[in-house]
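Remarks on the structure that follows.
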Amino acid sequence: MMVPKKWEMGIMKVEAKIPIKSPDTAHQIIDGEAVVITPGQMMVHVLNTVGSRIWDLANGKRNIQDIARILAKEFDVSYETALDDVVEFTGELAGNEIMCFLGEEQGE
Amino acid sequence: MSKSIDPYSRVVKKTLEMLIPFTVHWELTYHCNLRCPHCYVVPQGSRKELSCGEIAAILDDLKERGTLYVVFSGGEILMREDFFDIARYARKKGFALRLMTNGTLINGAIADQVKDLYPLSVEISLYGSTPTTHDRMTACPGSFERSMRALRLLGERSIRTVVKGLMMKQNAAEFQGMKKLASDIGSQFLYDTVIIPRMNGSMKPCRNRLDGEELYRLLYPEVRERAEDGNSQEDDLSCSAGLNALSISPYGDVYPCITFKESGGNLTENSLSEIQHSPIFSKIRSITLTDLRKCKRCELVQYCNRCPALAWLETGDLLGPSKADCLLASVIKGIIDSKRKGNARGEELLPSPKPPWKTIDIKGSSIM
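Take a look at the structure:
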């Protein structure tokens, strides 16, 4: 996978980060709700509607800006509002090791 | 005021209502390196097991259909040379895996590969707390030591393990020893007392089932501990088979559950949707308490985990009682009643030499 130039420089704006699902998670979307299991912690998380959509879109290819643009359209909110939500949500999931950012995976 | 339920229970409720196969129990192979005489599996030698490619295609479909949990069992899963190709693909798709194995083929290198699958659990069957008992039950000398080695190797890698004890006449005396063994090795201990008939209808394995007195002695401390102030189980005899759970055979046959071997179709010929709406799936889903002529009037209903498949295997009647479940419920009721009486008198009642269960006669049942 091509590494963005910003990574090479060691500087990464949060909006350019690419969120991906942590590899140890198990997950499924049921009627729009994401169920995420972290086997190491034996925890089940059920994400809300917006969170579930972010989870679904976090495929390791889209960056936070890409996801925010899609959310802004789908949920009829401003890009800035969507961006704030995505930054906060992905950061929270990363803090719980449910999600990580490309290039910042565990063990790297 | 409506009763609020937690988000996960709400999702599970949706899977039941929407017929989403949330949990799939997949027997990947019927080949096994042990020869347990109580095993229900009857290999169908002439039939071809699904290939890795066919399994991957089915996993793709299951992902689309909403499956989260996949239980891989056998036979012995590690008898398939492509087991890790299948399991890695399942993990790549995001399924939560439970692996059921006898553990005898697990060495350090295999344990490393298992760790990379991030399984929810690896579940290993033990049939005794000593090599003599266990190896006699598996008809395979050395199997106890190898299963124990697997538990240690997996534990060293922080993989959650479960020791599963099938309790029967031959090993009932070692029940507490098995619990301690599991605890000492850092495993959860789960046990079952119901031996199911063979897939071909033979009741031979059921000869090893514990009788009422043996069950009472085995379960007394367990049930007594759990039953705080009585049994909180609701009068609910429902079953998730065919609703949000199903089972797949090594050949692609799809059953409502692992015990109920009446196929709704084969995934090499039918779509999952067709199978879920097949007569057998529709029939098992349609069963309500009202249909259970004997069970609905039974005083044991609140102590019973009735399994329709077991009733069908024992008597051929999906709607009738299961002799094994009736006995178990009766024994549990007896223990709870005994505790209540003891509490009322402010004393501890020891297991009665004549346990207060009753034998329920089931017309047409035959344990050969």
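The listed protein sequences correspond, in order, to chains Y and P.
First residue of the first sequence: 12, per this note's numbering; consecutive thereafter.
First residue of the second sequence: 303, per this note's numbering; consecutive thereafter.
Backbone N, C-alpha and C define an ideal beta-carbon position, used for all residues, glycine too.
Min CB distance residue i to chain Y below 7 Å
i, result
"Ser311/P", "no"
"Gly488/P", "no"
"Tyr420/P", "yes"
"Ser668/P", "Residue placement at Ser668/P is flagged as unreliable, the pLDDT there being 32, under the threshold of 50; the coordinate-derived value follows with that caveat. Ser668/P does not count as touching chain Y."
"Lys596/P", "no"
"Asn533/P", "Confidence in Asn533/P is poor, its pLDDT being 48 and thus under 50, which makes the residue's placement too unreliable to answer from."
"Lys316/P", "yes"
"Ala398/P", "yes"
"Leu364/P", "no"
"Gly377/P", "no"
"Gly457/P", "no"
"Leu453/P", "no"
"Leu370/P", "yes"
"Pro657/P", "Because the pLDDT at Pro657/P is just 45, under 50, the model does not fix this residue reliably, and the value given afterwards should be weighed accordingly. Chain Y, which has no Cβ nearer than 7 Å to the Cβ of Pro657/P, makes this no."
"Ala547/P", "no"
Sequence-distant residues of the same chain with beta carbon closer than 6 Å to residue i, five excluded per side
i, result
"Ile662/P", "For Ile662/P, the predicted structure reports a pLDDT of 42, less than 50, and the residue's modelled location is therefore unreliable. A value from the coordinates is still provided. For Ile662/P, where only same-chain residues beyond five positions count, the Cβ hits under 6 Å are Cys628."
"Leu652/P", "With a pLDDT of 47 at Leu652/P, under the threshold of 50, the modelled position of this residue cannot be trusted; read the value that follows with caution. Excluding sequence neighbours, Leu652/P sits near nothing in its chain."
"Lys466/P", "Glu425, Ser427, Leu492"
"Pro676/P", "This structure leaves residue 676/P out entirely; chain P is present only between 303 and 670."
"Ile582/P", "Glu564, Gly566"
"Gly544/P", "Pro558, Phe583, Ile586, Arg587"
"Arg382/P", "Leu330, Thr331"
"Asp384/P", "Cys354"
Test: residue i CB closer than 7 Å to a CB of chain P
i, result
"Ile65/Y", "no"
"Asn107/Y", "no"
"Val97/Y", "no"
Contact set for residue i: own chain, Cβ-Cβ below 7 Å, skip 5 residues either direction
i, result
"Cys597/P", "Leu539, Val603, Arg608, Pro623"
"Thr369/P", "Pro323, Phe324, Val326, Phe397"
"Arg367/P", "Ile322, Pro323, Leu574"
"Lys635/P", "Leu602, Tyr605"
"Thr36/Y", "Val47, Ile48, Thr49, Ile109"
"Thr403/P", "Glu378, Ile379, Leu380, Val424, Ile426"
"Asp555/P", "Ser565, Asn568"
"Cys111/Y", "Ile31, Ser33, Ala105, Gln117"
Residues that residue i bridges to, as DSSP identifies them
i, result
"Leu428/P", "Gly467/P"
"Ser551/P", "Paired residues: none, contrary to the question."
"Val46/Y", "Gln39/Y, Val57/Y"
"Ser375/P", "Glu329/P"
"Ile637/P", "In the DSSP output, where bridge partners are listed per residue, Ile637/P has none listed."
"Val556/P", "Ile550/P"
"Met110/Y", "Lys32/Y"
"Met381/P", "None, per the DSSP bridge assignment."
"Gln52/Y", "According to DSSP, Gln52/Y bridges with nothing at all."
"Leu399/P", "Val372/P"
"Leu492/P", "Lys466/P"
"Ala543/P", "Ala547/P"
"Ser423/P", "Arg400/P"
"Asn70/Y", "Ile31/Y"
Nearest residue (CA-CA) to residue i, options the options
i, options, result
"Gln415/P", "Leu380/P, Thr440/P, Asn404/P, Tyr429/P", "Leu380/P"
"Pro50/Y", "Val343/P, Ile461/P, Gly503/P, Thr403/P", "Ile461/P"
"Glu44/Y", "Ala37/Y, Ile31/Y, Thr60/Y, Ser33/Y", "Thr60/Y"
"Asp486/P", "Met450/P, Met505/P, Met501/P", "Met450/P"
"Leu419/P", "His333/P, Phe374/P, Asn502/P, Asp494/P", "Phe374/P"
"Leu361/P", "Ala392/P, Tyr310/P, Lys350/P, Pro345/P", "Ala392/P"
"Ala411/P", "Lys471/P, Arg400/P, Asp384/P, Ala452/P", "Ala452/P"
"Asp67/Y", "Gln39/Y, Ile29/Y, Leu94/Y, Val98/Y", "Gln39/Y"
"His56/Y", "Thr495/P, Tyr522/P, Arg312/P", "Arg312/P"
"Arg528/P", "Lys394/P, Ile637/P, Thr432/P", "Ile637/P"
"Glu85/Y", "Lys24/Y, Ser63/Y, Ile29/Y, Gln52/Y", "Ser63/Y"
"Gln76/Y", "Phe100/Y, Leu94/Y, Ile65/Y", "Leu94/Y"
Same chain only: Cβ atoms within 8 Å of residue i, ignoring 5 sequence neighbours per side
i, result
"Ala474/P", "Leu512, Glu516, Arg519, Leu520"
"Pro507/P", "Pro339, His340, Cys341, Tyr342, Ile497, Ile498, Pro499, Arg500"
"Tyr90/Y", "Ala79, Arg80, Ala83"
"Ile34/Y", "Before going on, a small fix: residue 34/Y reads as Pro here, not Ile. Excluding sequence neighbours, Pro34/Y sits near Glu116."
"Ala441/P", "Leu336, Arg337, Cys338, Pro339"
"Gly345/P", "Looking at the sequence shown, residue 345/P is not Gly but Pro. So the list reads Tyr332, His333, Gly377, once near-sequence residues are dropped."
Practice item. Identify each residue in the segment 25-46 of chain Y for which the Cβ-Cβ distance to at least one residue of chain P is less than 9 Å, and report them in chain order. Key: Lys32, Pro34, Asp35, Thr36, Ala37, His38, Gln39, Ile40, Ile41, Asp42, Glu44, Val46
**Study point:** Near-chain P residues of the segment 55-85 of chain Y (beta-carbon distance less than 7 Å), N- to C-terminal order
**Key:** Val55, Val57
Exercise for review: Name, going along the chain, the residues of the segment 492-512 of chain P whose beta-carbon falls closer than 9 Å to a beta-carbon of chain Y.
Suggested key: none
Point to revise | Within 9 Å of chain Y by C-beta, residues of the segment 319-336 of chain P in sequence order | key: Under the 9 Å Cβ criterion, the segment 319-336 of chain P contributes Met320, Ile322, Phe324.
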